[in-house]
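From first to last, the protein sequence lines stand for chains L and C.
Take the first sequence: its letters are residues 1 to 148, numbered as in this note's numbering.
Take the second sequence: its letters are residues 1001 to 1483, numbered as in this note's numbering.
Okay, structure first, notes after.
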Amino acid sequence: MLDVATVLQQHKSSPPNILATLQKIQEAIGYVPRGKIPEIAAALGVTDSDVAGVLSFYHDLRTHPPGRHILRFCLGDSCLATHCEKSLAVLEEKLGCKLSGVSRDKRFTLEKVYCLGNCALSPSLMIDDKVHGRFTPKNVATILRDYR
Amino acid sequence: MKVYISDDSSARAVGADRVAAAFGRIKDAEVIRTSARGAFFLEPLVEIDTSRGRAGYPNVQPSQVPALLKKEPALISKIPFFSKQTRFTFANAGVTEPLSIEQYGFKALKKARGMDPLKILDEMKKSNLRGRGGAAFPAGVKWQTTREADGEPKYVVANADEGDPGAYSDRMIIEGDPYRLIEGMAICAHAVGAKKGYVYIRGEYPAGISKMRNAIAHAADAGILDHAFFELEIFVGSGAYICGEETALLESLEGKRGMVRSKPPFPAVQGLWQKPTVINNVVTFATVPDIILRGGDWHSSLGTEKSKGTMPLQLAGQIRQGGLVEVPFGITLEEVIENFGGGMPRGSRFKAVQVGGPLGSIFPKSLLKTRICFDEFAGAGGILGHGGIVVYDDQTDMADLARHFMEFTADESCGKCTPCRIGSMRAKEILENICKGHGTEKDLALLDELGDTMKLGSLCALGGLAPMPVQTAIRYFGKEFRR
């Protein structure tokens, strides 16, 4: 697995782009450890607070190791209109965690997302890069079966 | 036999891949993955060629393959959802393969590169095309400002940070017709004198990112994008709604926190790295090729007096037929919901509709006669925004919905200006209290005052419009806030 130093080595850009760098680190190791902020800042030639500021601003940047899959449950307007909360409650029960948590078995990180653009087939959720739609409280848990 | 199945992420969300795999196992069937028609209520939709054009089978399950081919398919052109539309910007939707340069053609770009840039600006101004991202600013004026602004190099940026919940027209273009966006941007670059462009795509659209990446690579290989003319790069967002605001987007593109800038200076004069930058929404750019091919007068002949052209409306929420509807401005909201949306699903009753995303006003039944155009919506106290239409049924708790909107704004505020940063948090707390049944008349008055402060004092449209759904929900469904 790639480490932070290698990613920093491989993705030098001028002028430095803090957000793109943090994205690359997360792509490589799954999250951006807060302890690596000084190393990242030094490599980019910016301050620690510049890096910390970008890291805390964006919802998708994580500072803790995620589960094996990222499950993003949509709480957009259309999903609320189709009463998605009931399905969310089923998932939270099944996974044993709330939004922003990691499931008991570490299989899933459960996150909320505001819109996946699947609004015509609400409610929606996304696991890793795949969108799932038009589920009900009854069948929502079956979606999890394909993810080990 | 050719079998056409959409490769769009919404179609795939309800099983299009499994259906395609089932056809893949049949001898003689050649599966072709196209873009989506936009009639998502019919997905997975399987189409075949007939002597009278494409015909389709709706809502196909893998288990029905191949037996369903014995049944008579419905001619696409005869399905009312399509036949009542006027499709230009979405003319290729469901028809072509997203990454086929041959099918796309790039005719408008060829024509534009032979035109004087000033003539392109003329056509754009004549077209009266107003930005489709929400602010409805005249695109031709914006382009001209960048052309005339001092500073080199100049940039062209596409805003594909389609964050409005309830909207998906940008997603359909970047996934289904990416060359149309590339072409619109390249024409703009020629008109304003830019050589470099960026497509800023939200991270929630991985399929769109990958399609766009491939499209840019193919266009570069074919010599359509070239450093001598125009080069394009993709930048991916990281889950911040505010980055759909143009100045926050530019900050984010520079790798910083997505904090809104004070305007002026406008991006057209000082944008990316303080250089003149045209930043337009995806649909705006995607409308440009038709304006070049058919002329600005053609575009301004469609629509209403001040809202010219067509608008892709995106139906969502509690509605029978969710999907994308491209029609000239001027149709009423009721016609869209009834004639295209097919009304409410069985067992649910209409309560309210919200147009323009989470910052759009809540309209009750009495406002359904409002015509889809910028002026009438403003007159009715709403916004058209990016054209997302979400229908709510009578099971919706309006106070809880209002609480959700303020929670959304509190989550997504960039924090630069106080009215939005503090106002959204306080409004959320008041609404939480109201939802618990502890609200008073004083709370409602305070909420209203807070809303006015946000509207008047916020730097950008997030804080400026966030009170709209809350105030309109209270105006039309006040009883539910007094519990």
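Don't be surprised by glycine CBs; every beta carbon is placed ideally from N, CA and C.
Since the model is a prediction, treat every value here as computed from it, not as a measurement.
{"Asked": "Taking the straight line between their C-alpha atoms, what separation do you get for C:Leu1324 and C:Ser1210?", "Found": "22 angstroms"}
{"Asked": "Quick one, which of C:Val1236, C:Gly1330 and C:Ser1063 has its alpha-carbon nearest C:Val1157's?", "Found": "C:Val1236"}
{"Asked": "Give the straight-line distance between the Cα atoms of C:Ala1399 and C:Phe1408, rounded to the nearest whole angstrom.", "Found": "14 angstroms"}
{"Asked": "Name, going along the chain, the residues of the segment 103-135 of chain L whose beta-carbon falls closer than 8 angstroms to a beta-carbon of chain C.", "Found": "Val113, Tyr114, Cys115, Leu116, Gly117, Asn118, Cys119, Ala120, Leu121, Ser122, Ser124, Met126, Asp129, Lys130, Val131, His132, Gly133 and Arg134"}
{"Asked": "Which of the three DSSP states is assigned to L:Pro16 in this structure?", "Found": "coil"}
{"Asked": "Checking contacts by CB at 8 angstroms: is C:Lys997 closer than that to chain L?", "Found": "Here chain C comprises residues numbered 1001 to 1483, so residue 997 of chain C is not present and cannot be evaluated."}
{"Asked": "Looking only at its chain, what residues have a beta carbon closer than 8 angstroms to the beta carbon of C:Val1060, apart from the 5 residues adjacent to it on each side?", "Found": "Val1019, Pro1044, Leu1045, Val1046 and Leu1068"}
{"Asked": "Out of L:Cys79, L:Leu144, L:Ser56 and L:Gln9, which one is the CA nearest neighbour of L:Lys112?", "Found": "L:Cys79"}
{"Asked": "For L:Pro129, count neighbouring C-beta atoms within 10 Å of its own C-beta (all shown protein chains included) and say buried if the count is 16 or more, exposed if not.", "Found": "The identity of residue 129 of chain L in the sequence shown is Asp, whereas the question assumes Pro. Answer is exposed; the Cβ neighbour count stays below 16."}
{"Asked": "Would you please verify whether the beta carbon of C:Tyr1155 is less than 8 angstroms from any beta carbon of chain L?", "Found": "no"}
{"Asked": "For L:Asp48, would you say it is in contact with chain C, using Cβ-to-Cβ distances shorter than 8 angstroms as the test?", "Found": "no"}
{"Asked": "Which whole-angstrom value describes the C-beta separation of C:Thr1277 and C:Gly1309, a residue pair presumed to lie in contact below a C-beta threshold of 8 angstroms?", "Found": "About 24 angstroms; that fails the 8 angstroms criterion."}
{"Asked": "Relative to chain L, which residues along the segment 1297-1330 of chain C have a C-beta separation below 8 angstroms, given in chain order?", "Found": "Gln1314, Leu1315, Ala1316, Gly1317, Gln1318, Gly1322, Gly1323 and Leu1324"}
{"Asked": "Using a C-beta to C-beta distance shorter than 9 angstroms, which residues of chain C count as neighbours of L:Asp60?", "Found": "Gly1203, Glu1204, Gly1237, Ser1238, Gly1239 and Ala1240"}
{"Asked": "Across the segment 1290-1301 of chain C and the segment 1107-1124 of chain C, are there enough close Cβ pairs to call them in contact, namely three or more that are closer than 8 angstroms?", "Found": "yes"}
{"Asked": "Under 8 angstroms between C-beta atoms, does L:Ser78 make it to chain C?", "Found": "yes"}
{"Asked": "Is the beta carbon of C:Ile1279 less than 8 angstroms from the beta carbon of C:Glu1251?", "Found": "no"}
{"Asked": "List the residues of chain C whose Cβ lies closer than 8 angstroms to the Cβ of L:Pro16, in chain order.", "Found": "Gly1255"}
{"Asked": "Under the DSSP definition of a beta bridge, which residues are partnered with C:Asn1281?", "Found": "C:Asn1159"}
{"Asked": "Using a C-beta cutoff of 8 angstroms, does L:His83 count as contacting chain C?", "Found": "yes"}
{"Asked": "Please check if any C-beta of chain L sits within less than 8 angstroms of the C-beta of C:Gln1395.", "Found": "yes"}
{"Asked": "Is it buried or exposed for C:Trp1143, if we count other Cβ within 10 angstroms and need 16 for buried?", "Found": "buried"}
{"Asked": "Please determine, among C:Asn1128, C:Val1282 and C:Leu1313, the residue with the shortest C-alpha to C-alpha distance to C:Arg1087.", "Found": "C:Leu1313"}
{"Asked": "With DSSP collapsed to three states, give me the class of C:Lys1125.", "Found": "helix"}
{"Asked": "Between the Cα of L:Ala28 and those of L:Leu61, L:Thr47 and L:Ser49, spot the shortest distance and give me the residue it belongs to.", "Found": "L:Leu61"}
{"Asked": "Using a Cβ-Cβ distance under 8 angstroms, would C:Pro1358 count as near chain L?", "Found": "yes"}
{"Asked": "How long is the line joining the alpha carbons of C:Leu1450 and C:Gly1423, rounded to whole angstroms?", "Found": "6 angstroms"}
{"Asked": "Listed in chain order, which residues of the segment 1399-1412 of chain C have Cβ atoms closer than 8 angstroms to some Cβ of chain L?", "Found": "Leu1401, His1404, Phe1408, Asp1411 and Glu1412"}
{"Asked": "Give me the residue from C:Ile1076, C:Glu1030 and C:Asp1028 with the minimum Cα distance to C:Thr1050.", "Found": "C:Ile1076"}
{"Asked": "Return yes when the Cβ of L:Ile40 is within less than 8 angstroms of the Cβ of L:Thr21, no when it is not.", "Found": "yes"}
{"Asked": "If you draw a straight line from the alpha carbon of C:Val1390 to that of C:Phe1350, how long is it in whole angstroms?", "Found": "11 angstroms"}
{"Asked": "Beta-carbon of C:Val1390 versus every beta-carbon of chain L: anything under 8 angstroms?", "Found": "yes"}
{"Asked": "When you compare the CB of L:Leu19 with every CB in chain C, is at least one pair closer than 8 angstroms?", "Found": "yes"}
{"Asked": "State the Cα-Cα distance for the pair C:Pro1165 and C:Gly1322, rounded to the nearest angstrom.", "Found": "14 angstroms"}
{"Asked": "In chain L, which residues lie with their C-beta within 9 angstroms of the C-beta of C:Val1260?", "Found": "Here the premise fails: no neighbours, minimum Cβ distance about 12 angstroms."}
{"Asked": "Against L:Gly53, what residues of chain C qualify as contacts under a CB-to-CB distance less than 7 angstroms, listed in chain order?", "Found": "Arg1257"}
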